[in-house]
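Under my numbering, the very last position in the sequence shown is 904; numbers go up by exactly one each time.
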Amino acid sequence: MKKLLIFLFISFSLSAQNKDPYKILDAVKENFNTIKDYEVDATITVDVNFLRVPESKAKIYFKQPDKLKLDSEGFALLPKEGINFSPNKLLSGDFSAIYIKADTLQKHKVDIVKVIPTNDSAGVILTTLWIDSNLSVVRKMETTTKKNGTFEIKLNYDNSGNNFLPSIVMLMFNVNDIQIPKAISGEINNDGSSDNKKKKDEPMIGTVTIKYSNYKINKGIKDSFFEKEKR
674 MKKLLIFLFI
684 SFSLSAQNKD
694 PYKILDAVKE
704 NFNTIKDYEV
714 DATITVDVNF
724 LRVPESKAKI
734 YFKQPDKLKL
744 DSEGFALLPK
754 EGINFSPNKL
764 LSGDFSAIYI
774 KADTLQKHKV
784 DIVKVIPTND
794 SAGVILTTLW
804 IDSNLSVVRK
814 METTTKKNGT
824 FEIKLNYDNS
834 GNNFLPSIVM
844 LMFNVNDIQI
854 PKAISGEINN
864 DGSSDNKKKK
874 DEPMIGTVTI
884 KYSNYKINKG
894 IKDSFFEKEK
904 R
């Protein structure tokens with residue numbers, strides 16, 4: 674299947690502009706690698722069929738290459754794809770990259786690159802990236818997984834105060850196989866009751882929007898911080 678995908682995308686790329694997809698991806702990684710660590714405030718808004726969750730607040734901590742910690746006030750439905758937007762995570766294994774074309778996304782010039790993991794144990798089948806041609810950051814990503822369907826992520830950098838870290842991440846998904854605990858399969862009310870139960874086998878579709886603010890970058894977060902509970 675992967676060999677067929679690679680063959681098809683190579684065929685499409687023959688008519689595309691002569692750009693090296695690996696150089697484009699390396700530029701994205703190099704930019705993000707200037708961020709050694711950060712902490713940031715996050716506001717999470719969830720809009721999912723049959724699941725209504727109040728807006729929640731969280732603080733997110735990250736340190737290269739893959740240390741991540743989240744402190745939230747109460748319940749926070751936050752998919753890991755929405756908080757770990759490191760390109761190093763996506764591009765850490767063996768993969769093939771295909772340059773598709775130059776395009777425009779919300780007035781930004783972008784290069785579209787498809788990434789296909791070559792490791793059979795990878796959980797991802799295919800990822801399509803819309804990469805800002807000037808800033809070398811990912812503005813949009815569509816990923817098809819083996820077990821969790823397909824999801825789309827849009828990233829906005831306009832108000833972040835740092836060109837390489839987003840101010841808004843919007844994750845849209847339609848996942849048939851996602852497992853939702855019974856306690857949150859309907860509306861979560863203050864008294865713990867639940868309404869609008871999810872129908873069996875009905876696709877779960879929706880959006881999670883994460884707004885980031887008050888970035889603190891390269892302050893030297895210690896490794897030990899991620900190994901124990903914050904007090």
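From the three backbone atoms N, C-alpha and C, an ideal C-beta is built for every residue, glycine too. Keep in mind that this is a model prediction, so the values were computed, not measured.
Same chain, Cβ closer than 7 Å to N757, neighbours up to 5 away in sequence not counted:
Indexing the sequence shown from 1 puts residue 757 at position 84. Cβ within range, chain order: L741.
Distance between S745 and M845 (C-alpha atoms, nearest Å)
Indexing the sequence shown from 1 puts residue 845 at position 172. Indexing the sequence shown from 1 puts residue 745 at position 72. If I take the Cα positions, the gap works out to 21 Å.
Going by DSSP in three states, S858 sits in which element: helix, strand or coil?
Along the sequence shown, one-based indexing puts residue 858 at 185. Legend: pLDDT at S858 = 45, less than 50; position of this residue unreliable, no value from coordinates given.
Beta-carbon proximity of V788 to I804, cut-off 7 Å:
Looking up residue 788 in the sequence shown gives position 115. Looking up residue 804 in the sequence shown gives position 131. For V788 and I804, no; Cβs fall outside 7 Å.
Going by Cα to Cα distance, which pick from I785, G796, H781, K819 is closest to K774?
For the purposes of this step, residue 774 is taken as the residue at position 101 of the sequence shown. Ranking the options by Cα distance to K774, first place goes to I785.
Three-way DSSP call (helix, strand, coil) for E703 in this model:
Indexing the sequence shown from 1 puts residue 703 at position 30. Reduced to three states, the DSSP call for E703 is helix.
According to DSSP, is N891 part of a helix, a strand, or is it coil?
Residue numbering aside, residue 891 sits at position 218 when the sequence shown is read from its first letter. Coil, per DSSP.
Among D714, P694, T823, K889, whose alpha-carbon lies nearest the alpha-carbon of A770?
Mapped onto the sequence shown, residue 770 falls at position 97. It is P694.
Inspect the beta-carbon positions of Y885 and Y711 and report whether they are closer than 7 Å.
If you number the sequence shown from 1, residue 885 lands on position 212. If you number the sequence shown from 1, residue 711 lands on position 38. No.
For L799, the residue or residues it bridges with in DSSP
Walking along the sequence shown from the start, residue 799 turns up at place 126. For L799, which the question treats as bridged, DSSP gives the partners T817.
Taking the alpha-carbon positions, what's the N835 to F898 distance?
Within the sequence shown, the letter at position 162 stands for residue 835. Within the sequence shown, the letter at position 225 stands for residue 898. Roughly 24 Å between the two C-alpha positions.
By DSSP's criteria, F824 is part of a beta bridge. Which residues make up the other side?
Position 151 of the sequence shown, counted from the first residue, corresponds to residue 824. Paired residues: T816, F846.
Pairwise C-alpha distance: P790 and N829
Translated into the one-based positions of the sequence shown, residue 829 becomes position 156. Translated into the one-based positions of the sequence shown, residue 790 becomes position 117. Each residue's alpha carbon lies about 26 Å from the other.
Determine the extent of the alpha helix (DSSP H) in which K762 is found, giving its start and end residues.
The residue labelled residue 762 in the question sits at position 89 within the sequence shown. It spans 760 to 763 - the alpha helix (DSSP H) in which K762 sits, taken as one unbroken run.
Return the bridge partner residues of P790 from the DSSP annotation.
Taking the first residue of the sequence shown as 1, we reach residue 790 at position 117. Its beta-bridge partners are F768.
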